[in-house]
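So the structure is just underneath, and the comments pick up after that.
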Amino acid sequence: MPKIVVLPHEELCPEGAVLEAESGETVLDVALRNGIGIEHACEKSCACTTCHVVIREGFDSLNESDELEDDMLDKAWGLESESRLGCQARVADEDLVVEIPRYTLNLASEAAH
Numbered sequence: 009m010p011k012i013v014v015l016p017h018e019e020l021c022p023e024g025a026v027l028e029a030e031s032g033e034t035v036l037d038v039a040l041r042n043g044i045g046i047e048h049a050c051e052k053s054c055a056c057t058t059c060h061v062v063i064r065e066g067f068d069s070l071n072e073s074d075e076l077e078d079d080m081l082d083k084a085w086g087l088e089s090e091s092r093l094g095c096q097a098r099v100a101d102e103d104l105v106v107e108i109p110r111y112t113l114n115l116a117s118e119a120a121h
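If you read the sequence shown in the working numbering, its first letter stands for residue 9, the second for the next number, and so on.
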């Protein structure tokens, strides 16, 4: 069973986490199931960039991004070559190391602070 190592994020996951994932699940679904509240303003429909994550290890094991995801990622804050939308990046059989960017383009967070 692949694991997702989530690097520490000041607000969402201060200590970092190691999460168990099923092949085929999205990075976002695994995070949400484990209480890591990555924003997802479009409800996982690939229509925003609030679930932008950076795959620090295991990027090549993920499903390929499609044109719609690539177009959305072009709008993401802090885009990197290993950036993906968490709602679109599906876990394969390899472990992943994921960084949640500090900021999103969403001016008002969906979560209550």
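In this text, a Cβ means the ideal position worked out from N, Cα and C, and glycines have one as well. Just so we're clear, the structure is a prediction, and the values are computed from it rather than from any experiment.
Entirely within the segment 28–86 and at least 3 residues each: give me those beta strand (DSSP E) ranges in chain order.
-> 60–65
Do the CB positions of residue 60 and residue 81 come within less than 9 Å of each other?
-> yes
Quickly, what does DSSP pair residue 25 with across the bridge? List them, please.
-> 14
So, are the CB atoms of residue 105 and residue 70 less than 9 Å apart?
-> no
Range of the contiguous beta strand (DSSP E) that encloses residue 98 | Unbroken run through residue 98: none, as it is neither H nor E.
Range covered by the beta strand (DSSP E) that runs through residue 104 | 104–107
From residue 103 to residue 27, what distance separates their C-alpha atoms?
-> 10 Å
Would you check if the segment 91–98 and the segment 33–43 touch, i.e. whether three or more CB-CB distances between them fall below 8 Å?
-> yes
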